[in-house]
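A.B. asks:
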Amino acid sequence: MKMEKTGQAEIHINDQTLVCPVYEGTEGEKAVDVSRLRKETGLITYDPGFGNTGSCASDITFIDGEKGILRYRGYDVADLAARCEFIEVAYLLVHGSLPTLAQRENYATLLNSHSMIHEDMREFFSNYPEHSHPMAILSAMAVSLSSFYPELRGDLKEDVDMTVARLISKLRTIAAFSYKKSIGEPAVYPRHDLKYCENFLNMMFSSPVRGEPINPVMADALNKLLIIHADHEQNCSTSVVRAVGSSGINLYASIAAGICALWGPKHGGANQHVIEMLEDIRREGGDVDKVLERAKNPRSPFRLIGFGHRVYKSYDPRAKIAKELCKKVIAATHTKDPLMDIAQELEEKALADSYFQERNLYPNVDFYTGLTYREMGIPTNMFTVMFAIGRLPGWIAQWLEMQNDSDARIARPRQIYTGPNLRKVAPIAKRK
Ligand code: CMC
Numbered sequence: 058m059k060m061e062k063t064g065q066a067e068i069h070i071n072d073q074t075l076v077c078p079v080y081e082g083t084e085g086e087k088a089v090d091v092s093r094l095r096k097e098t099g100l101i102t103y104d105p106g107f108g109n110t111g112s113c114a115s116d117i118t119f120i121d122g123e124k125g126i127l128r129y130r131g132y133d134v135a136d137l138a139a140r141c142e143f144i145e146v147a148y149l150l151v152h153g154s155l156p157t158l159a160q161r162e163n164y165a166t167l168l169n170s171h172s173m174i175h176e177d178m179r180e181f182f183s184n185y186p187e188h189s190h191p192m193a194i195l196s197a198m199a200v201s202l203s204s205f206y207p208e209l210r211g212d213l214k215e216d217v218d219m220t221v222a223r224l225i226s227k228l229r230t231i232a233a234f235s236y237k238k239s240i241g242e243p244a245v246y247p248r249h250d251l252k253y254c255e256n257f258l259n260m261m262f263s264s265p266v267r268g269e270p271i272n273p274v275m276a277d278a279l280n281k282l283l284i285i286h287a288d289h290e291q292n293c294s295t296s297v298v299r300a301v302g303s304s305g306i307n308l309y310a311s312i313a314a315g316i317c318a319l320w321g322p323k324h325g326g327a328n329q330h331v332i333e334m335l336e337d338i339r340r341e342g343g344d345v346d347k348v349l350e351r352a353k354n355p356r357s358p359f360r361l362i363g364f365g366h367r368v369y370k371s372y373d374p375r376a377k378i379a380k381e382l383c384k385k386v387i388a389a390t391h392t393k394d395p396l397m398d399i400a401q402e403l404e405e406k407a408l409a410d411s412y413f414q415e416r417n418l419y420p421n422v423d424f425y426t427g428l429t430y431r432e433m434g435i436p437t438n439m440f441t442v443m444f445a446i447g448r449l450p451g452w453i454a455q456w457l458e459m460q461n462d463s464d465a466r467i468a469r470p471r472q473i474y475t476g477p478n479l480r481k482v483a484p485i486a487k488r489k
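Counting in our numbering, the final residue of the sequence shown is number 489, and the numbers go up one at a time with none missing.
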């Protein structure tokens, strides 16, 4: 859908007035179009971190950070998590509508038929050092797919389906293979008789000599976790996927760049760091108040990991789902995780603290997803890989949308230069 022009805004610069159109989206979000600003006034906008910059119009995901709303293609994320499998949501994001039963079955078959990776690619894993981070392997493998499989050209549905299925199915296989590599076990190949999430759990936890029964609670939890990660409009990694894709490079390379962006501890890497923070608290005797004091200290760079969000100024709807899932998985495994107790105490105390209240800092998606993955037996350094598998359909949908957007241009922000003015190069012997 197109944005509607609903008004205009005037920008006054000295004695010049620039009249800019105001556009409105389907949920009432408004934007001033400043695309003529530099040409007509010589000025640019200064917006570090792009907190006020709309880089595109998109039909895919709606977030209301004040109200804690997250919807994919108009469906509430909680509704999707309660009623859909992950592959249905992947289909929804990419194609715009939920699949019928027949479409879902065809999609599942298509995903299964593309689940293997080229055998030469499997060899790559053996050349990584033992402690390589799986995110490094995942991004390298994602870009390597471009050497083995054809690029997506045009927007023919069959070609889109095939390329998307390749990526969604193979990235999951690569993720499981990278885990097996990290523990020195042989890879377990994907199976055609298993569904998407069951297949992943089997590749992770079975071995070529021993099949591991798949717990339906874990498969259901994985479906839901991947659904809550599936898209989040113009976040850091998605903006990277769009920016890299805007240069005209193929989908695989754009996704590899998105994986690198997601890895950072302020973004998807936070789920790993939450667990490390909780472990530290436990090791140091469980003093939650001390950690809160550190997080509040303006002179300390430390932040409470898993708290706060650029967009959500209320409880992250994904964190609500993850918290309940975590409890469900703990109940199913009959375990008692001391980190869960610390997490709940941390949440309770932070939410009652004026520092966090005044800044609207609530648990974000990463606060409880890491704990849930941990309960499922997924190792800590794989958490961000799980996030990447979940976010993949969102990245793909955003990349495809950009390809068909007549307003899209190569991403190229401006800057305010603050370096030295023109100076002459001195002969090397005379330089100080
Ligand atoms: N702990 C302590 N103080 C915080 C935190 C936190 N986790 N987050 C923000 N603040 C403070 C910040 O210091 C600032 O204080 P002041 O106004 O006194 O300077 C105020 O709250 C506003 O924060 P901000 O810096 O404007 O927030 P931002 O939009 O630039 O950053 C964020 C958002 C997610 C990077 C940040 O909240 C953070 O670093 N959180 C911890 C890391 C984390 O959990 N990241 C995962 C994000 S959710 C998943 C994803 O999107 O990938």
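Even glycine gets a Cβ: it sits at the ideal position worked out from N, Cα and C.
Is the beta carbon of Gln455 less than 8 angstroms from the beta carbon of Thr295?
C.D. replies: Result yes, Cβ atoms of Gln455 and Thr295 sit closer than 8 angstroms.
A.B. asks: Measure the C-alpha to C-alpha separation of Glu123 and Tyr185 and round it to an integer number of angstroms.
C.D. replies: Those two C-alpha atoms are separated by around 44 angstroms.
A.B. asks: If you draw a straight line from the C-alpha of Val331 to the C-alpha of Asp288, how long is it?
C.D. replies: For Val331 and Asp288, the distance between alpha carbons rounds to 21 angstroms.
A.B. asks: Along the chain, which unbroken stretches of the alpha helix (DSSP H) at least 4 residues long are found entirely within the stretch 199 to 244?
C.D. replies: Correct list: 214 to 239.
A.B. asks: Under the three-state reduction of DSSP, which class applies to Lys252: helix, strand or coil?
C.D. replies: In this structure, Lys252 counts as coil in the three-state DSSP scheme.
A.B. asks: According to DSSP, simplified to helix, strand and coil, what is Arg448?
C.D. replies: In this structure, Arg448 counts as helix in the three-state DSSP scheme.
A.B. asks: State the start and end residues of the unbroken alpha helix (DSSP H) segment that holds Cys113.
C.D. replies: First-last for Cys113: undefined, no H or E at that position.
A.B. asks: For Glu341, list the residues DSSP reports as bridge partners.
C.D. replies: Per DSSP, none; premise fails for Glu341.
A.B. asks: Can you tell me the Cα-Cα spacing of Glu61 and Leu449, whole angstroms?
C.D. replies: Taking the straight line from one Cα to the other gives about 30 angstroms.
A.B. asks: To the nearest angstrom, how far is it from the Cα of Met261 to the Cα of Ile231?
C.D. replies: So the two alpha carbons sit approximately 11 angstroms from each other.
A.B. asks: Classify Leu479: buried if its beta carbon has 16 or more other beta carbons within 10 angstroms, exposed otherwise.
C.D. replies: With fewer than 16 other Cβ atoms within 10 Å, it is exposed.
A.B. asks: Is the distance from the Cβ of His249 to the Cβ of Phe444 below 8 angstroms?
C.D. replies: Going by C-beta atoms, His249 is not nearer than 8 angstroms to Phe444.
A.B. asks: At least one CB of chain B closer than 8 angstroms to the CB of Arg466: is that the case?
C.D. replies: Protein chains in the displayed structure number just one, and chain B is not present.
A.B. asks: I'd like to confirm something about Phe119: is its beta-carbon nearer than 7 angstroms to some heavy atom of the ligand CMC, or not?
C.D. replies: No - the ligand CMC has no heavy atom lying nearer than 7 angstroms to the Cβ of Phe119.
A.B. asks: Can you tell me whether DSSP reads Ile120 as helix, strand or coil?
C.D. replies: Strand, per DSSP.
A.B. asks: May I ask you to verify whether the stretch 393 to 406 touches the stretch 418 to 428, counting CB pairs closer than 8 angstroms and requiring at least 3?
C.D. replies: A contact exists between the stretch 393 to 406 and the stretch 418 to 428.
A.B. asks: Go ahead and pull the three-state DSSP assignment for Thr392.
C.D. replies: Correct three-state label for Thr392: coil.
A.B. asks: Can you tell me where the beta strand (DSSP E) with Arg128 in it begins and where it stops?
C.D. replies: Segment 126 to 129, the beta strand (DSSP E) holding Arg128.
A.B. asks: Quick one: which unbroken alpha helix (DSSP H) runs of 4-plus residues sit fully inside the stretch 261 to 289? Chain order, please.
C.D. replies: DSSP runs (the alpha helix (DSSP H)) wholly in the stretch 261 to 289: 273 to 286.
A.B. asks: Between Glu458, Ala486, Gly211, Pro484, which has its C-alpha nearest Gly153's C-alpha?
C.D. replies: The option with the nearest alpha carbon to Gly153 is Glu458.
A.B. asks: Buried or exposed for Thr83, please, with buried defined as at least 16 other CB atoms from any protein chain shown within 10 angstroms of its CB.
C.D. replies: Result: exposed.
A.B. asks: Over what stretch of residues does the beta strand (DSSP E) that includes Gln39 continue unbroken?
C.D. replies: This structure does not reach residue 39, given that the chain is present from 58 up to 489, and the question cannot be answered.
A.B. asks: Compute every distance between the C-beta of Phe107 and the non-hydrogen atoms of the ligand CMC, then say whether any falls below 7 angstroms.
C.D. replies: For the ligand CMC, not one heavy atom lies less than 7 angstroms from the Cβ of Phe107.
A.B. asks: List the endpoints of the continuous beta strand (DSSP E) containing Ile68.
C.D. replies: Element bounds for Ile68: 61 to 70.
A.B. asks: Could you check the C-alpha separation between Asp394 and Asn354 for me, to the nearest Å?
C.D. replies: Using only the alpha carbons, I get a separation of about 29 angstroms.
A.B. asks: Per the DSSP calculation, Lys133 is bridged to which residue(s)?
C.D. replies: The question names Lys, but residue 133 is Asp in the sequence shown. Paired residue(s): Arg128.
A.B. asks: Taking 7 angstroms as the cut-off, is the beta-carbon of Arg367 closer than that to any non-hydrogen atom of the ligand CMC?
C.D. replies: Correct: Arg367 has its Cβ closer than 7 angstroms to the ligand CMC.
A.B. asks: Return helix, strand or coil for Phe364, following the three-state DSSP convention.
C.D. replies: Three-state DSSP puts Phe364 in a strand.
A.B. asks: With DSSP as the reference, identify every bridge partner of Ala88, one or two as the case may be.
C.D. replies: Its beta-bridge partners are Tyr80.
A.B. asks: With Leu396 and Arg339 assumed to form a contact (beta carbons below 8 angstroms), what rounded beta-carbon distance in angstroms separates them?
C.D. replies: At roughly 7 angstroms, the Cβ-Cβ gap stays under 8 angstroms, so Leu396 and Arg339 are in contact.
A.B. asks: Using alpha carbons as the reference points, say which of Ile284, Ile225, Arg179, Glu187 lies closest to Tyr246.
C.D. replies: Closest option to Tyr246, Cα to Cα, is Arg179.
A.B. asks: Ordered along the chain, which non-local residues of its own chain (more than five positions away) have a Cβ less than 7 angstroms from that of Phe205?
C.D. replies: Once the five neighbours on either side are set aside, the close Cβ partners of Phe205 are His175, Met178.
A.B. asks: For the ligand CMC, is there any heavy atom lying closer than 7 angstroms to the beta carbon of Asp423?
C.D. replies: Checking every heavy atom of the ligand CMC against the Cβ of Asp423, one is found closer than 7 angstroms.
A.B. asks: Alpha carbon to alpha carbon, how far is Met275 from Leu94?
C.D. replies: Taking the straight line from one Cα to the other gives about 53 angstroms.
A.B. asks: Between the Cα of Leu258 and those of Gly241, Tyr236, Ile240, Val266, spot the shortest distance and give me the residue it belongs to.
C.D. replies: For Leu258, the nearest C-alpha among the options comes from Tyr236.
A.B. asks: Does the pairing of the stretch 266 to 285 with the stretch 208 to 216 give three or more beta-carbon distances under 8 angstroms?
C.D. replies: No, because fewer than three Cβ pairs between the stretch 266 to 285 and the stretch 208 to 216 fall closer than 8 angstroms, the two stretches do not touch.
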